[in-house]
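A.B. asks: In the numbering used here, the protein residues as written are 448 to 551.
Below: one structure in structure tokens.
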């Protein structure tokens, strides 16, 4: 086995370790996303509009899960947060709609 083959094998083993770690992180984040979705549903029923902060965090968490999925399926070698910045959607402003009033 050449030195570059051994280095590639060690790199692959390290990636497998990271994939296992991110698998457990994925499971926790998935439960958190479910909790946010249920909280938003309750808030929407009670207040008539979803919570803007939870809406933003839920969107960012969804983007994080997408990054984990891309890393796990070898679409990218870039590890997600905390090795990269937390995903934030700066392009889409959060707009709160008053759902209790009819929209024109």
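Even glycine gets a Cβ: it sits at the ideal position worked out from N, Cα and C.
Check the C-beta distance from residue 511 over to residue 534 and give it rounded, since I have them as a contact under 8 Å.
C.D. replies: The pair is a contact, with the Cβ atoms about 5 Å apart (cut-off 8 Å).
A.B. asks: Counting only runs that start and end within the region 450 to 489, where is the alpha helix (DSSP H) found for 4 or more residues in a row?
C.D. replies: Segments of the alpha helix (DSSP H) lying fully in the region 450 to 489: there are none.
A.B. asks: Between the alpha carbons of residue 517 and residue 493, how many angstroms are there, rounded?
C.D. replies: Whole-angstrom Cα-Cα distance: 37 Å.
A.B. asks: What is the rounded straight-line gap between the Cα of residue 536 and the Cα of residue 506?
C.D. replies: Rounded to the nearest angstrom, the two C-alpha atoms are 8 Å apart.
A.B. asks: In the DSSP assignment, find the unbroken alpha helix (DSSP H) run with residue 536 in it and report its ends.
C.D. replies: No alpha helix (DSSP H) contains residue 536, which DSSP labels as neither H nor E.
A.B. asks: Could you spell out where the alpha helix (DSSP H) holding residue 500 opens and where it closes?
C.D. replies: Unbroken alpha helix (DSSP H) run through residue 500: 499 to 519.
A.B. asks: Output yes or no for whether 7 Å exceeds the beta carbon distance between residue 508 and residue 480.
C.D. replies: Taking 7 Å as the Cβ cut-off, residue 508 and residue 480 qualify as a contacting pair.
A.B. asks: For residue 486, which of 472, 501, 515, 495 has the nearest alpha-carbon?
C.D. replies: The residue with the shortest Cα to Cα distance from residue 486 is 501.
A.B. asks: Whose C-beta lies closer than 7 Å to the C-beta of residue 490 among residues of the same chain, with five residues either side of it excluded?
C.D. replies: If we look at residue 490 and ignore the five residues flanking it on each side, its Cβ neighbours are 497, 498.
A.B. asks: Please classify residue 514 as buried or exposed, where buried requires at least 16 other C-beta atoms within 10 Å of its C-beta.
C.D. replies: Residue 514 is buried by the Cβ-count criterion.
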